Each structure stands twice: as structure tokens, then as C-alpha cells.
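Asks:
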Amino acid sequence: MKWLSKLVDNASDYFAHRKGLLPLIGIVLIIVNFVLPFLIPAGFLTLSNLFLHLGVIIAIFGMMLAWAL
Numbered sequence: 232m233k234w235l236s237k238l239v240d241n242a243s244d245y246f247a248h249r250k251g252l253l254p255l256i257g258i259v260l261i262i263v264n265f266v267l268p269f270l271i272p273a274g275f276l277t278l279s280n281l282f283l284h285l286g287v288i289i290a291i292f293g294m295m296l297a298w299a300l
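Quick note, the sequence shown lines up with residues 232 to 300 if you use this note's numbering.
1. Kindly indicate which three-state DSSP category A273 falls into: helix, strand or coil?
2. Hey, how far is the Cα of A273 from the Cα of G286?
3. How far does the alpha helix (DSSP H) with H248 in it reach, from first residue to last?
4. Could you tell me how far apart the beta carbons of L253 and I289 are, in whole angstroms, since I believe they sit closer than 8 Å?
5. Would you give the residue range spanned by the alpha helix (DSSP H) that M295 belongs to?
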């Protein structure tokens, strides 16, 4: 469990100086989800809206983390 504690500490130190990085990555994933159906008409990624869901989760998590740090 020491490795998990060290991982959380390192991630906290990294994101403390880059508070907008996770919401920005989330926004990029949402834009990718919008553009992807034009490039790949029918596929698992376009039918499931995987990038949309990941983008929203990452953006919300990033905003909550920025608020805490």
C-alpha cells in the first residue's frame, strides 16, 4: 500500500500546478467524440459514445480536484 500512497502524493503534487489540465483533457475527449462519427460511421466507439462519457467523467473529476487543491 506504500506504492499507492506514493502514487497519490505524486499525482497531487503534479496536478497542484496544472489545475486546468484534466478539464482540458475532458473537453478534448468530448470534441473527439463529436468528430469521430464523421470519420468512422459505424463502430463501437461511435455507437457507445465512449469518449463522451470518459470526457465528462475526467472533466468533472478535474474540477473537483482543482477545487480541493
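Backbone N, C-alpha and C define an ideal beta-carbon position, used for all residues, glycine too. Please read these numbers as outputs of a predicted model, since none were measured by experiment.
Replies: Quick look at the numbers:
1. coil
2. 20 Å
3. Segment: none, H248 is in no alpha helix (DSSP H) and carries neither H nor E.
4. 6 Å
5. L281 to A299
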